[in-house]
Every structure is written in structure tokens, then in C-alpha cells.
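Okay, so the sequence shown: first residue is 1465 according to my numbering, each after it adds one.
Think of the CB as a built atom: it goes at the ideal place given N, C-alpha and C, for glycine as much as any other residue.
Quantities reported herein were computed from a predicted structural model and do not represent experimental measurements.
Below you'll find the structure, written out as C-alpha cells, and then a few comments.
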Amino acid sequence: NYPNPFNPETTIRFTLSEPQAVSLKVYDTNGRLIKILADKKMRAGEHSLRFNATDLPSGTYLYNLTTDQGSQTRKMTLIK
């Protein structure tokens, strides 16, 4: 994601080699689901999804990207 650290918004970018189901979810460090950014079939190509954290406190958050090809979890830091 860029920027990281961010305030109040960051963009998560990813590329799909073929059309497939995509799930992109944001969690706090306690594992609580904060927001679902995507949960649908998406076309092949480059994608950018914005995460706005205006109403959230400063801290570390995790986003999990799951596709038919696997799953990745990354950290991002909100600094207000």
C-alpha cells in the first residue's frame, strides 16, 4: 500500500493474471474485521482500492488479499 504510514487514506494495488474471485479485508491487530474493501470476481489486470481510515484511531492495521492464486497479509500504519 502507498503511502505507508498513511493519514487518513492509502491505496492498495494488486495485479491479477486472469479473472478471479478477490477478497480484500482490513483487520486490526486483535484480528477484528474493520472493513471489507472487495469481495467479488474481478477482471484480469491492475487494480487499486482505497482504504479511508478517517474514523479509526492511529495504529497498525493488517490487510489480507485472497485470490484463487493464494493469500497475502501485509501491515500498514495509520498515524494521525
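Quiz item: Using the rule of at least 16 other Cβ atoms within 10 Å of the residue's Cβ for burial, across every protein chain shown, is Tyr1525 buried or exposed?
Solution: buried
Quiz item: Hey, how far is the Cα of Lys1435 from the Cα of Ser1522?
Solution: With the chain running from 1465 to 1544 in the structure shown, residue 1435 is simply not present.
Quiz prompt | Per-residue burial, Leu1497 [other beta carbons within 10 Å of its own, 16 or more giving buried] | solution = Residue environment: Leu1497 is assigned as exposed (fewer than 16 neighbouring CB atoms within 10 Å of its CB, all protein chains considered).
Exercise. Look at the Cβ atom of Leu1513, then the Cβ atom of Leu1501, and state whether they are nearer than 7 Å.
Key: Leu1501 sits close to Leu1513, with the two beta carbons spaced by under 7 Å.
Self-check item: Residues sharing a beta bridge with Arg1538, DSSP
Solution: Tyr1527
Quiz item: Short check: CB of Lys1528 to CB of Thr1537, under 7 Å?
Solution: Residue 1528 is actually Asn in this sequence, not Lys. Between Asn1528 and Thr1537, the CB-CB gap stays under 7 Å.
Quiz item: Out of curiosity, what's the CA-to-CA distance linking Thr1479 and Gly1509?
Solution: The alpha-carbon of Thr1479 is positioned some 5 Å away from that of Gly1509.
Practice problem: Along the beta strand (DSSP E) that carries Thr1479, what are the first and last residues, could you check? | Solution: 1473-1480
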